[in-house]
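Q:
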Amino acid sequence: EVPPCINSTAQMNWLNRGDVRKALHIPATLPPWDLCSDDVGEQYTTLYSTVKDVYLKLISLGLRALVYNGDTDMACNFLGDQWFVEDLGLEATTKYQTWIHDDQIAGFYQQFGNITFLTVKGAGHMVPQWAPGPAFHMFQSFITNGYY
Amino acid sequence: QYAPDEVTNLPGMKFKPNYRQWSGYLQARQGKFLHYWFVTSQRDPVKDPLVLWLNGGPGCSSLDGFLSENGPFHVNDNGASLYENAFSWNKIANVLYVESPAGVGFSYSDDKKYATDDDQVADDNYKALQSFFAKFPNFTQNEFFIFGESYGGIYAPTLSLRVATGAAKINFKGFAVGNGLSSFALNDQSLIYFGYYHGLFGEDLWRDLNINCCEKGSCNFYNSSSDACKTLVIVAFGIVYNSGLNEYALYLDCEGGRRSHRGYERTMIHLFKNCGKHMHTLKFSDGAPSSVSLG
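Chains as they are written, first to last, in the working numbering: chain S, 6 to 153; chain X, 29 to 323.
1. In its own chain, which residues sit with a C-beta less than 6 Å from the C-beta of Val-67 of chain X, not counting the 5 before and 5 after it?
2. Please classify Ser-271 of chain X as buried or exposed, where buried requires at least 16 other C-beta atoms within 10 Å of its C-beta.
3. Residues of chain S with a CB under 8 Å from the CB of Gly-180 of chain X: which are they?
4. Should Asp-236 of chain X be flagged as near chain S, meaning a C-beta pair shorter than 7 Å?
5. Could you tell me whether the Cβ atoms of Trp-38 of chain S and Asn-12 of chain S are closer together than 7 Å?
6. Quick one: Cα of Tyr-179 of chain X to Cα of Asp-24 of chain S, how far?
7. Rounded to whole angstroms, what's the CA-CA distance from Lys-141 of chain X to Gly-227 of chain X? Just pull it up for me.
8. Mind pulling the chain X residues with CB within less than 8 Å of Thr-50 of chain S?
9. Does the count of Cβ pairs from the segment 250-257 of chain X and the segment 113-130 of chain S closer than 8 Å reach three?
10. I want to know whether the segment 39-48 of chain S touches the segment 132-152 of chain X - three or more CB-CB distances under 8 Å.
11. What separation, rounded to the nearest whole angstrom, lies between the Cα atoms of Lys-305 of chain X and Leu-209 of chain X?
12. Compare the C-beta of Ser-210 of chain X against all C-beta atoms of chain S and say whether one is closer than 7 Å.
13. Determine the burial state of Asn-150 of chain S: buried for a count of at least 16 other Cβ atoms within 10 Å of its Cβ, exposed for fewer.
14. For Ile-120 of chain X and Arg-71 of chain X, I'd like the C-alpha separation in whole angstroms.
15. Kindly indicate which residue of X:Leu-110, X:Ser-51, X:Trp-234 and X:Thr-259 has the alpha-carbon position closest to the one of Phe-164 of chain X.
16. If contact means a Cβ-Cβ distance below 8 Å, which residues of the segment 127-141 of chain S contact chain X?
17. Would the segment 73-91 of chain X count as touching the segment 168-185 of chain X if we require 3 or more Cβ pairs under 8 Å?
18. Could you check if Gln-116 of chain S is buried or exposed, using at least 16 other CB atoms within 10 Å of its CB as the buried criterion?
19. Quick one: which chain X residues come within Cβ less than 7 Å of His-30 of chain S?
20. What are the start and end residues of the beta strand (DSSP E) that includes Gln-49 of chain X?
21. Kindly list, in the order they appear in chain S, the residues whose Cβ is closer than 9 Å to that of Ser-246 of chain X.
22. Against chain X, with Cβ distances strictly below 7 Å, would Leu-35 of chain S count as a contact?
23. Which residue spans inside the segment 74-128 of chain S form an unbroken alpha helix (DSSP H) run of at least 4?
24. Measuring only the C-alpha atoms, how far is Tyr-30 of chain X from Tyr-225 of chain X?
25. Roughly how many angstroms lie between the CA atoms of Glu-96 of chain S and Leu-84 of chain S, to the nearest whole one?
26. When you compare the CB positions of Cys-41 of chain S and Asn-207 of chain X, do they come within less than 7 Å of one another, or not?
27. For Asn-104 of chain X, count neighbouring Cβ atoms within 10 angstroms of its own Cβ and tell me buried if that reaches 16, exposed if not.
28. Would Lys-100 of chain S be called buried (16 or more neighbouring beta carbons within 10 Å of its own) or exposed?
29. In chain order, what residues of the same chain have a beta carbon less than 8 Å from the beta carbon of Thr-98 of chain S, not counting five sequence neighbours either side?
30. Can you tell me where the beta strand (DSSP E) with Tyr-250 of chain X in it begins and where it stops?
31. Could you compute how far the alpha carbon of Gly-291 of chain X sits from the alpha carbon of Thr-51 of chain S?
32. Over the uninterrupted alpha helix (DSSP H) stretch that includes Lys-62 of chain S, give me the two end residues.
33. Rounded to whole angstroms, what is the Cα-Cα separation between Pro-36 of chain S and Pro-129 of chain X?
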């Protein structure tokens, strides 16, 4: 069983081939691969209703952070994450502005010191899947600490 | 590098990769083994950063990230052959995918007990990371980043805190969260505005939500004490999550239909938890209570 609206049949079929499992060094005794585990999902206990304090500790240690959202997702919508970053109470170091990819507006971003909030226009929950070009651009900018 | 885990050929791969890859197991807590799949950078493995990618769920596999999102190759619809991903993130970085926690994908626990929580997952991920660097000691020099998606909005920062404050020598630079669950309250609260902005709610429902959930200019759609508000929020969320829309991408078709995954439902029900105890008596899939008409 998978999350709604996701078709992972192809991956499942490939990963559950005996020769693929052998090539990936997966013990034959293990059950078939599935996108999500009901066992884990059903018995999972959430402890953090918010990770605000964790973020504040990490930012205070001088780490760099990026919070990005495909802006058509409703499971974790961009507005909630934008409000989360704003609620950290850090001073904005840029205005809320567009970022460009391939001469098109790819979304919006704003920086608050070491943390950047960025949207990827028209992308859903899995940004690298549904907006691979802008996702790669964003990824490169973040890991090189470059401009968006 | 840890030779026994190296993957030198893969069924269905007709192209010759210009990077190396390893697949095997990392040691988490005693008796728990997390499957990892590691691909080096197509550019400069020695100098390029090392990136850990974690999908969320909770309980979903990071191989979805590899094979559907940012990995070097994806699976064709025939489920048998592979094609190269032109936008793979390993074009500029060494990328490590870990299926976490134990029980997810090919990760397992000797005792087959899979109950866990946020902190245990973070501890296990940290141990697994140390196990990775024990297998690939050369990569302790590389700049290191942690990426989490969805429920990875909990995984990534909690693991990052252990990496940033732990004893292991890791050249940790930062973390990123994609469409992450950072705050249940803000995720709920914002979804009402998101849904209204995209025209998913009619004027009646929007007016009733404002009347019953807002006062003095501020609204609480997350944990209102008003039963009327809670009922209306259920209706609104029912439209978002249960009316056939693709909640992962509003403007895309709902691939694969509405099959549901209990873990996902539990997370979504958790999102509803603000609707008070009686919500837990409502089966999510029952949608809106009959007493409320959909405009």
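Where a beta carbon is used, it is the ideal one built from N, C-alpha and C, also for glycine.
A: Taking the coordinates as given:
1. Tyr-47, Gln-49, Pro-100, Asn-118 and Val-123
2. exposed
3. Ordered by position in chain S, no residue passes the 8 Å Cβ test against Gly-180 of chain X, which lies about 10 Å from the chain.
4. no
5. no
6. 31 Å
7. 44 Å
8. Ala-143, Thr-144, Asp-145 and Asp-146
9. no
10. yes
11. Its pLDDT being 28, under 50, Lys-305 of chain X is placed unreliably by the model, and nothing is read from it.
12. yes
13. exposed
14. 6 Å
15. X:Ser-51
16. Gly-127, Ala-128, Gly-129, His-130, Met-131, Val-132, Pro-133, Gln-134, Trp-135, Pro-137, Gly-138, Ala-140 and Phe-141
17. yes
18. buried
19. Asp-33, Ser-51 and Gly-52
20. 49-55
21. Neighbours of Ser-246 of chain X on chain S: none; closest Cβ ~13 Å, over 9 Å.
22. yes
23. 83-92
24. 52 Å
25. 19 Å
26. no
27. exposed
28. exposed
29. Gln-116, Phe-117 and Gly-118
30. Run containing Tyr-250 of chain X: none; DSSP gives neither H nor E here.
31. Any reading at Gly-291 of chain X needs caution, since the residue's pLDDT is 49, under 50, leaving its predicted position unreliable; the model's value is listed next. Taking the straight line joining both Cα atoms gives about 12 Å.
32. 57-65
33. 15 Å
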